[in-house]
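In the numbering used here, the protein residues as written are 8 to 112.
No residue lacks a Cβ here, since even glycine has one placed at the ideal position from N, Cα and C.
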Amino acid sequence: MNLINEEVLNTMIQEQLQSIIDEQLKQPVWWTLDDLVKNERIGGETVVTDMLNYPPYKKELQNDIVHYPETRRSPYLIHAKRMKEWLDKNFEKVNSQRKLWRVKR
């Protein structure tokens with residue numbers, strides 16, 4: 008005896024997957040500093056700038072994840088997906104080393 012209609016179940020799964028895909032496609036590929044602050048809630052712009060410029064992190068992030076400004080007026084460009092992955096992977100390290108990389112007060 009089969010209590011679940013397989014076709015209905017497959018339709019529900021497909022709808023859920025499509026919803027997830029659609030939501031992901033709405034997400035920007037590149038973030039600015041403001042986007043990073045807003046989406047990841049690490050702290051304000053000063054805190055995020057300090058973190059991005061902390062030499063050990065900068066070495067990891069440079070080029071593949073973060074494109075650093077070449078001039079004072081140039082923006083940071085941050086690859087959103089890669090940055091999220093890096094923050095997830097390095098959460099404990101970033102959190103425990105916060106006092107080391109906080110430069111500006």
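### Message
Considering only their Cβ atoms, is the gap separating glutamine 69 from tyrosine 61 smaller than 8 Å?
### Response
no
*Between asparagine 46 and lysine 88, what straight-line distance do the alpha-carbon atoms span, to the nearest angstrom?*
11 Å
**Asked** What are the start and end residues of the beta strand (DSSP E) that includes leucine 10?
**Response** Where leucine 10 is concerned, there is no enclosing beta strand (DSSP E), given that its DSSP letter is neither H nor E.
Exposed unless 16 or more other CB atoms sit within 10 angstroms - verdict on methionine 90 | buried
Closest by CA to serine 81, which one among Ser26, Asn12, Ile11, Thr39?
-> Thr39
Margin query: Which of the three DSSP states is assigned to valine 73 in this structure?
Written below: strand
Point to revise | Backbone CA spacing between glutamate 99 and leucine 43 [nearest angstrom] | key: 18 Å
Less than 8 Å between the beta carbons of valine 36 and leucine 59, yes or no? no
Q. Could one say the Cβ of asparagine 17 lies closer than 8 Å to chain D's Cβ atoms, at least one of them?
A. As a matter of chain content, chain D is missing from the structure shown, which is built from one protein chain.
Answer yes or no: do leucine 107 and valine 101 have a C-beta to C-beta separation smaller than 8 Å? no
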